[in-house]
Ligand SMILES: NC(=O)c1ccc[n+]([C@@H]2O[C@H](COP(=O)([O-])OP(=O)(O)OC[C@H]3O[C@@H](n4cnc5c(N)ncnc54)[C@H](O)[C@@H]3O)[C@@H](O)[C@H]2O)c1
């Protein structure tokens, strides 16, 4: 059997692990995937998808024969040599990354088991070095993951780059990982472990910085009568800047940016370095979500007793991931102001319902809009672009819309009688080309 046809081991089958397992199986490799949650393993073994992610269901169905899901670490260790660690690394109360799941995986490994530990989880720089210290002799490769939820399969199968960090002595393990990724065609970047760890954190921190930057520009645009859609377009055409992650809105969320930005800030702080820029990035992001309240108050006065609909709850479209979603902060802020909140999301309602106990969940966008004093578009799901907004206006007690993602056409909505508030653009109806933003 060639190196590439040996079973690939995956530890932790959440967003990253499940996509990794499915994609390696699609490339023809047998995969053994282990999670500690029996109900997750049972669902996946029955062919039931545990997350909403485009293309993933098809991939898992097509490759069901190649993937074994198990809770049994022994089974994994007996069958697979390359072990891709994809466990979660959530934030601790201090804002550092919580490495307890990573540590518990490492505790199950021994240096002489013939395995290669491939770290896909996002970990602070220095983690690889400390694992190598604890388990000398166990080959260690840092292979951070850059996929985006909502396009995770596509991102995995068509990577911009594959970063493979390794230190002296572990070159054979790194070569085996590189061989797995070779058919995908992305640039393979060999580097040392600490640099690989930093590439991941720095990439996320930079993207978050871009978002907070354009959000601050948006806030200034509102003051000076400029349109941030036009500004982003003009900036993005400069190839030194690029157009991605320059869309103003109500801030970033999700399971990665908030925790990774904080983890990098804390990592720097732990070494005695004050990463000032990231402190601002985090603060701007927090305040950006809250600006929605001011926009509503501008039209409604006090929100006490007002009924407000949230359209979209997931942290971004095409996922049901609610981790650090802007909707969570918004719902709490609106309720804090005395508003009654009703919400709808095309796929995240179940997860959201568990987290937003006191928010009424609607079965459709139109149902959510029934009789409300205002609506906030929180997540730019495609179905909101297709909504019958004339019907929506008729159903709302007051057709006031805060478009938190600059997703809808203000000219069209105003023509339907809406009071429309975007982010970083004039709230007065004006015939500008921004309509296509
Ligand atoms: N979600 C993303 O978009 C994304 C993208 C790039 C990188 N990452 C990083 O990848 C890692 C995983 O993220 P995720 O979103 O897939 O997390 P997740 O919470 O969706 O999944 C983690 C899984 O690991 C399992 N697990 C925990 N401890 C375990 C153990 N000891 N053995 C086996 N399984 C265990 C959990 O039960 C869970 O199913 C994180 O470090 C994250 O920062 C995530």
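Residue numbers (the working numbering): -12 to 424.
Ideal placement from N, C-alpha and C gives every residue a C-beta, glycine not left out.
Please read all numbers here as calculations on a predicted model, not as lab measurements.
Contacting residues, own chain, Cβ-Cβ under 6 Å from residue i (five flanking each side not counted)
i, result
"residue 106", "72 and 129"
"residue -7", "68"
"residue 79", "85"
"residue 4", "-3 and 73"
"residue 282", "389 and 408"
"residue 245", "311"
"residue 414", "408"
"residue 205", "215, 235, 410 and 411"
"residue 16", "-5"
"residue 174", "148"
"residue 36", "44"
Beta-carbon gap between residue i and residue j smaller than 9 Å
i, j, result
"residue 363", "residue 317", "yes"
"residue 137", "residue 304", "yes"
"residue 0", "residue 22", "yes"
"residue 277", "residue 360", "no"
"residue 189", "residue 134", "no"
"residue 437", "residue 191", "The chain is shown from -12 up to 424; residue 437 falls before or after that span and cannot be answered."
"residue 365", "residue 345", "no"
"residue 314", "residue 339", "yes"
"residue 231", "residue 187", "no"
"residue 39", "residue 306", "yes"
"residue 154", "residue 184", "no"
"residue 18", "residue 55", "yes"
"residue 211", "residue 127", "no"
Secondary structure of residue i, DSSP reduced to three states
i, result
"residue 386", "coil"
"residue 309", "coil"
"residue 413", "coil"
"residue -9", "In this prediction, residue -9 has a pLDDT of 48, which is less than 50 and means its spatial position is unreliable; what the coordinates show is noted afterwards. Residue -9: helix per DSSP, three-state reduction."
"residue 21", "strand"
"residue 104", "strand"
"residue 143", "helix"
"residue 54", "strand"
"residue 11", "helix"
"residue 289", "coil"
"residue 258", "coil"
"residue 160", "helix"
"residue 220", "helix"
"residue 112", "coil"
"residue 168", "helix"
"residue 473", "In the structure as shown, the chain starts at -12 and stops at 424, and residue 473 therefore has no counterpart that could be examined."
"residue 198", "helix"
"residue 454", "For the chain, the structure presents residues -12 to 424; residue 454 sits outside this window and is missing."
"residue 132", "coil"
"residue 252", "helix"
"residue 302", "coil"
Cβ shell of residue i (< 7 Å), same chain only, five flanking positions each side left out
i, result
"residue -12", "In this predicted model, residue -12 has a pLDDT of only 42, less than 50, meaning its place in the structure is not dependable; the value taken from the coordinates is given anyway. Excluding positions up to five away in sequence, the list is empty."
"residue 409", "390, 393 and 397"
"residue 377", "403"
"residue 322", "328 and 345"
DSSP bridge partner residues for residue i (one or two, in chain order)
i, result
"residue 151", "177"
"residue 279", "According to DSSP, residue 279 bridges with nothing at all."
"residue 408", "389"
"residue 78", "84"
"residue 294", "327"
"residue 64", "None; residue 64 has no bridge partner."
"residue -4", "19 and 70"
"residue 363", "297 and 389"
"residue 127", "104"
"residue 348", "330"
Residues of its chain near residue i, where Cβ-Cβ distance is below 8 Å and the 5 sequence neighbours each way are ignored
i, result
"residue 95", "60 and 64"
"residue 10", "46, 140, 143 and 144"
"residue 48", "34"
Residue i: CB within 8 Å of a non-hydrogen atom of ligand 3
i, result
"residue 76", "No copy of ligand 3 occurs in the structure displayed; its ligands are ligand 1 alone."
Assumed close pair residue i, residue j - CB separation to whole angstroms, cut-off 8 Å
i, j, result
"residue 301", "residue 248", "So it is not a contact: roughly 20 Å between Cβ atoms."
"residue 177", "residue 161", "7 Å"
"residue 371", "residue 352", "6 Å"
"residue 150", "residue 131", "6 Å"
"residue 76", "residue 90", "Not really, about 10 Å apart at Cβ, beyond 8 Å."
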